[in-house]
Structure formats: C-alpha cells, structure tokens
Amino acid sequence: MKPNIAKRARVLVAEDQALAKSHMKYALDELGFEHVDYVVKPTQALNALSQQHYDAVICAYDLREDHGGYCLFETLKAQHLVPLTTGFIFTSADTSPEAVHAIVELQPDEFLAKPFSVNQLEKRLSKVIARKMVLNPIYQYMDEGNLEGALMAVEAFILEPKYAEYFPLALKVKGDLLLLSKRYDEAKSFFQGIINVQEFAWAKYGLCKSLVNLKEFEDAERAILSLALNLESNLASYDLLAELKIREEAFDDALECINIAREVSPRNVKRHQTAMELSRITHDYQEQFDSARKVVRYAKQSIHECAEHYLTAARAGVDFAMTSSPSEVSHIVQQTNDYLRELKTAYPKEDVAQQVHVINARICYLQNDSEKAKTMMESLDFRHWEDKPTEALIDSAKAFHEVGLQGNALKILEVLEQKLSDSDEPNLVSFYIKQEKREKASIPLSPKSLNNAAVLHYQQGDLAKSFNTFLQAYQVMPKNPAIALNLLQAITMRAKQGQPRINKVVSLVKRCRTTIESSELTEEQTQRYNNMKTVLNQVA
Numbered sequence: 109m110k111p112n113i114a115k116r117a118r119v120l121v122a123e124d125q126a127l128a129k130s131h132m133k134y135a136l137d138e139l140g141f142e143h144v145d146y147v148v149k150p151t152q153a154l155n156a157l158s159q160q161h162y163d164a165v166i167c168a169y170d171l172r173e174d175h176g177g178y179c180l181f182e183t184l185k186a187q188h189l190v191p192l193t194t195g196f197i198f199t200s201a202d203t204s205p206e207a208v209h210a211i212v213e214l215q216p217d218e219f220l221a222k223p224f225s226v227n228q229l230e231k232r233l234s235k236v237i238a239r240k241m242v243l244n245p246i247y248q249y250m251d252e253g254n255l256e257g258a259l260m261a262v263e264a265f266i267l268e269p270k271y272a273e274y275f276p277l278a279l280k281v282k283g284d285l286l287l288l289s290k291r292y293d294e295a296k297s298f299f300q301g302i303i304n305v306q307e308f309a310w311a312k313y314g315l316c317k318s319l320v321n322l323k324e325f326e327d328a329e330r331a332i333l334s335l336a337l338n339l340e341s342n343l344a345s346y347d348l349l350a351e352l353k354i355r356e357e358a359f360d361d362a363l364e365c366i367n368i369a370r371e372v373s374p375r376n377v378k379r380h381q382t383a384m385e386l387s388r389i390t391h392d393y394q395e396q397f398d399s400a401r402k403v404v405r406y407a408k409q410s411i412h413e414c415a416e417h418y419l420t421a422a423r424a425g426v427d428f429a430m431t432s433s434p435s436e437v438s439h440i441v442q443q444t445n446d447y448l449r450e451l452k453t454a455y456p457k458e459d460v461a462q463q464v465h466v467i468n469a470r471i472c473y474l475q476n477d478s479e480k481a482k483t484m485m486e487s488l489d490f491r492h493w494e495d496k497p498t499e500a501l502i503d504s505a506k507a508f509h510e511v512g513l514q515g516n517a518l519k520i521l522e523v524l525e526q527k528l529s530d531s532d533e534p535n536l537v538s539f540y541i542k543q544e545k546r547e548k549a550s551i552p553l554s555p556k557s558l559n560n561a562a563v564l565h566y567q568q569g570d571l572a573k574s575f576n577t578f579l580q581a582y583q584v585m586p587k588n589p590a591i592a593l594n595l596l597q598a599i600t601m602r603a604k605q606g607q608p609r610i611n612k613v614v615s616l617v618k619r620c621r622t623t624i625e626s627s628e629l630t631e632e633q634t635q636r637y638n639n640m641k642t643v644l645n646q647v648a
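The numbering of the sequence shown is our numbering, which starts it at 109 and goes up by one.
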C-alpha cells in the first residue's frame with residue numbers, strides 16, 4: 109500500500125464477527141491506515157455514512173442483523189449515502205452461486221472472499237481507493253447529476269498520458285454516461301469502436317443496450333444471445349433480452365428470460381415484480397401468485413418492504429383461485445387470508461380498509477356467495493376514486509366485473525387507460541389495463557362462471573354455445589389444461605357431427621395441445637386426451 113494513500117484515506121468497516129473484525133483491524137494496521145471506523149450493525153453504518161465521507165467501505169455480506177450487508181448496500185444506494193467517490197468492498201464467507209450473483213448484481217467495486225490475507229486486502233483496497241481518487245472529479249459530476257460535465261471531464265482525462273492505466277475504466281464510464289444521457293446513436297458507435305479494438309464484456313453489453321433503445325431489435329437479439337454465452341454477463345444479458353421481448357410485446361418469451369435470471373439470482377425483488385406483471389398479462393395465474401409471494405418473501409426487512417406487497421399477493425391469490433379447480437380453491441383462499449392477516453400485523457395503522465374490502469368481496473364470490481359479494485361492491489364509496497392507487501382500481505374493476513356490474517368495471521379501466529397512456533416507454537401495467545378492458549368488454553362472465561356455463565352447455569348438447577364459451581374461457585385461461593382439454597373436446601364433437609370447420613382451427617388446436625402437453629394431467633384427463641387424438645389429427 110502506498111503510504112500516502114493509507115495515511116490520507118478514511119475507511120469504514122462493517123463487521124459483526126469478532127474474529128473477522130480482529131483480523132481486519134490487524135490487516136489495516138499493518139497496511140498503515142490511520143483513519144478507520146468500525147461498526148457492527150447496519151444502522152450504525154447508515155449513521156456513520158450520513159455524517160462522514162469515506163474513501164472506502166468494507167462490508168461483510170453476512171452481517172447477522174437486518175438481512176445483512178446485502179440490504180445495507182441496497183439501502184445505502186437508495187438513499188445516496190455511498191457516492192461514486194466512495195469505494196465499496198464486500199467480504200463474504202459465503203461463496204455460493206446465489207450469494208455471488210446477489211453481490212455482483214449490486215455492483216460493488218470489489219468482492220473479497222473470506223478468509224483473505226493481508227496481501228489480498230492490500231491489492232483490492234489500494235486499487236479501489238486509487239481509482240476513486242484519480243477519477244474523483246468525474247465521479248463528483250456524476251454524483252451531482254451533471255452528465256455533460258462528467259462527459260467533458262472524461263474526455264479531458266483520456267487525453268492525459270499519465271492516466272493510461274485507468275483508460276479502460278474511464279472508457280467504460282464514458283459509455284455509461286452516453287447511455288444515461290440517452291445518446292444512443294453516439295453510444296452505439298462508441299461501443300462498436302471499443303469492441304473493434306478489444307472485446308470487453310461491458311462494451312458488448314453497452315452495444316446491446318444501445319441497439320435495444322434504438323429499436324434495432326434483430327441486431328440487438330443476435331448481440332444479446334452472443335453476450336449470454338459469457339458467464340460474466342449471462343445474468344445481465346437475460347434481463348436485457350427480457351426488456352427487448354417486452355418492447356416487442358412477446359410477453360411469454362420475456363417471462364421465460366426473467367425466470368432464467370431470477371433462478372440464478374433469486375434475491376432481486378424488482379425482477380420478481382416484473383415476473384408477476386408479465387405472468388398476469390400472459391394469464392399464468394399460478395406463476396403470478398408464486399411471483400407475488402416471492403416479492404413478499406424477499407422484500408421483508410429491506411427497503412422494498414411495504415403494505416402494497418401483501419395486498420398484491422392476496423389479489424394474485426384470488427386471481428389464481430378464480431381459475432383453479434373447486435378442490436384447490438379453499439387452500440388458495442386460506443393462503444390469501446394469511447397475507448391479509450400478515451398485512452394487518454405488519455401495518456396496523458395503514459389505511460387499506462377499502463382495498464381489503466374489495467379482496468374480501470372477491471373471496472365471497474369465490475365461495476359461491478355472489479349476492480353478498482355484489483352487495484359489498486355496491487356499498488363502496490367511490491367518490492374521488494380516480495385518486496386511488498392503480499392496483500386497487502384494477503382489483504375493483506375485476507370485482508365489479510365478477511359480480512355482474514360490467515359497466516362499473518369498464519368505466520374504471522377506461523379512466524386508468526387514459527391516465528397511463530402518456531408514456532412512450534414500455535409499461536407493463538398500462539398494457540395489462542388495455543388487455544383487461546378489451547377482455548372485460550367482450551366477455552361479460554368471470555373465468556369461474558365461463559367454465560361453469562360452458563360445461564353446462566356441453567352437457568345439454570348445445571355444442572355451438574359450449575364451444576364459444578370454452579373459447580372465451582381459454583382466452584382468459586390459456587395455461588389451464590382443463591379448459592384446453594374441454595375446448596378440444598368441443599372441437600372434436602363438432603367435427604364428429606360434421607359441423608362447419610372453425611376459423612383458424614389448426615392454430616387453436618396446436619395452442620391447446622401445447623397447454624395440455626406442458627401440464628401435469630390427472631389419469632382421467634390423460635385418458636380423455638388420448639381418446640381424442642385421432643380426431644384432432646384429422647381436424648388439424
């Protein structure tokens with residue numbers, strides 16, 4: 109360690125294990141650091157960083173309080189308590205893939221696996237502090253939000269031969285600034301120029317990001333798939349590919365990409381939220397409920413925790429139960445009520461009474477008490493309802509539609525659609541509202557009622573009505589194998605009776621078969637499916 113760096117630098121160490129703290133103190137003393145503060149709790153680290161600027165923070169990932177160093181770093185970043193001029197180094201005894209990916213996603217300046225030697229600490233710490241000091245003017249501009257000033261400072265920095273060893277880092281910073289400034293054409297040329305000289309992973313990612321924002325989707329997809337082959341950028345490439353697929357409105361593909369990414373790194377709450385929003389657009393109600401539950405699980409005791417997550421999980425539970433078999437409904441409703449109880453315990457003073465009232469009305473409907481559910485919805489005071497949270501209004505629209513008050517549902521969705529139509533950026537909530545409005549305008553029955561009505565028509569021998577109703581049910585429940593099987597049954601019966609060929613029957617049969625063959629069937633369902641395969645092959 110250069111003596112002048114060690115003497116000048118101020119370091120904060122967050123470590124709560126006595127032996128590890130003792131080792132750290134010995135190492136820093138050996139390296140000549142004179143200004144070192146030690147804390148054992150995340151709250152103490154927050155307090156120290158809010159009062160004092162540090163050149164480096166060395167934080168244990170596995171702090172035992174408040175979800176450890178992970179949540180501490182998330183909080184520090186959210187509250188802007190770790191400026192770019194401060195280096196952040198994670199230490200961890202846990203080197204499992206899940207922990208490493210979680211750490212990498214937070215983008216600390218360095219990661220040091222425990223146990224480490226004095227030499228290892230010196231190498232990482234000196235490198236971080238030195239580059240923070242050298243690039244300090246650029247980072248100050250960025251911390252102030254002055255992107256143009258930062259770009260000018262980077263350009264001046266690159267012209268100084270004495271800083272040659274830091275040029276790769278400075279070039280990466282320039283690329284980041286071009287993206288932050290939304291100068292995508294310029295960024296595209298810049299990253300391509302870098303790649304032509306040396307194929308840095310960050311330059312390849314920057315090029316992909318530029319292509320996505322320029323809507324050059326074919327080139328972007330090829331570049332992203334190439335990037336995904338690199339383990340260093342694998343996770344980021346799947347996020348970027350999901351973003352591309354969302355822009356193309358290929359939501360099933362986007363959800364598949366998100367699922368791959370969150371399996372690799374499950375602690376990312378925002379990724380679970382995106383999966384939840386995508387799954388409800390694709391009508392994958394079980395995935396929607398599972399994703400909402402993961403949001404609650406991983407958000408607890410973090411900066412992401414809020415009452416809304418419990419409400420979202422309860423609503424997703426109702427949506428899932430609405431499309432499930434009668435034998436599963438009571439169990440799902442029990443889980444939904446558990447989230448409402450947790451909400452009341454965790455947020456006793458939160459004003460969510462009306463939102464819970466709507467959820468309870470939907471539960472009444474699920475439990476076949478339609479009249480009570482309708483009375484509960486009619487009793488709501490909807491003055492100034494336009495000011496209520498978007499998700500609360502979407503849920504209210506669903507409840508009104510389920511109890512037969514279709515006009516109320518459409519009115520809410522129309523106002524929401526207008527409210528969210530101003531943004532040019534891809535907005536999953538906005539797309540979902542438009543989809544809900546279309547479906548609820550054309551299909552007056554709830555998913556639960558649709559299936560019941562279709563089965564009744566089928567049993568009465570009215571194939572035309574049963575087919576049309578099953579078709580509507582499949583539109584809102586395309587992942588449900590029972591619905592797909594019933595629809596195929598109606599198609600085969602029509603074919604056997606010589607009724608006119610259905611429009612686009614080939615693609616419809618193919619989609620139903622995909623749903624069925626990718627699901628777990630009961631023995632009875634398997635037998636039914638096998639019995640109709642010969643006719644289906646003739647129809648399609």
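Even for Gly, the Cβ is constructed at its ideal location relative to N, Cα and C.
If you drop the 5 nearest sequence neighbours on each side, which residues of the same chain put their C-beta closer than 7 Å to that of residue 518?
545, 548 and 549
Could you give the distance in angstroms between the alpha-carbon of residue 283 and the alpha-carbon of residue 196?
21 Å
Euclidean distance between Cα positions of residue 442 and residue 213:
35 Å
Compute the distance between the beta-carbons of residue 463 and residue 500, then report whether it is under 7 Å.
yes
Length of the line joining the Cα atoms of residue 555 and residue 592:
13 Å
Mind checking residue 215: buried by the 16 CB within 10 Å criterion, or exposed?
Exposed: under 16 other Cβ atoms inside 10 Å.
For residue 177, which three-state DSSP category applies?
helix
At what residues does the beta strand (DSSP E) containing residue 220 begin and finish?
218-221
Residue 275 lies in the beta strand (DSSP E); which residues open and close that run?
Element bounds for residue 275: not the beta strand (DSSP E) but the alpha helix (DSSP H), 275-288.
Using 8 Å as the threshold, is the segment 245-253 in touch with the segment 261-271, meaning 3 or more CB pairs across them?
Judged by pairs of C-beta atoms under 8 Å, the segment 245-253 touches the segment 261-271, as three or more such pairs exist.
Between the beta-carbon of residue 153 and the beta-carbon of residue 144, is there less than 7 Å?
no
Coil, strand or helix - residue 107 by DSSP:
The question about residue 107 has no answer, for the chain in this structure spans 109 to 648.
Considering only DSSP beta bridges, list what residue 143 is partnered with.
According to DSSP, which records beta bridges pairwise, residue 143 is partnered with 118.
Would you report the Cα separation of residue 364 and residue 421, rounded to the nearest angstrom?
21 Å
Short Cβ contact (7 Å threshold) for residue 382 with residue 359:
no
Per DSSP, what kind of secondary structure is residue 498 in: helix, strand or coil?
helix
Going by the DSSP bridge assignment, what does residue 197 pair with across the sheet?
166 and 218
Going by DSSP, what residue range makes up the alpha helix (DSSP H) through residue 459?
Note, residue 459: premise wrong, no alpha helix (DSSP H); not H, not E.
Using a threshold of 7 Å, state whether the C-beta atoms of residue 380 and residue 402 are closer than that.
yes
So what's residue 350 in DSSP terms, helix, strand or just coil?
helix
Is the CB-CB distance between residue 352 and residue 320 below 7 Å?
yes
Could you spell out the range, first to last residue, of the alpha helix (DSSP H) harbouring residue 323?
Neither: residue 323 is in no alpha helix (DSSP H) and is coded neither H nor E.
So, under 8 Å CB-CB, residue 470 and residue 505 are touching, yes? Tell me the CB distance rounded to an integer number of Å.
The Cβ separation is near 11 Å, so there is no contact.
Report the rounded CA-to-CA distance for residue 184 versus residue 190, giving the unit in angstroms.
6 Å
Nearest CA to the CA of residue 586: which residue from 324, 527, 388 and 131?
388
Touching by the beta-carbon criterion (3+ pairs, under 8 Å), the segment 318-332 and the segment 341-352
yes
Boundaries of the alpha helix (DSSP H) in which residue 425 is found, first to last residue
415-430
Taking buried to mean at least 16 other C-beta atoms within 10 Å of its own C-beta, is residue 412 buried or exposed?
buried
Backbone secondary structure at residue 388 - three-state DSSP
helix
8 Å contact criterion, which residue 290 and residue 322 should meet: CB distance rounded
Not quite, the Cβ-Cβ distance comes to about 11 Å (not below 8 Å), so this is no contact.
Let me know if residue 510 comes out buried or exposed under the rule of 16 or more other beta-carbons within 10 Å of its beta-carbon.
buried
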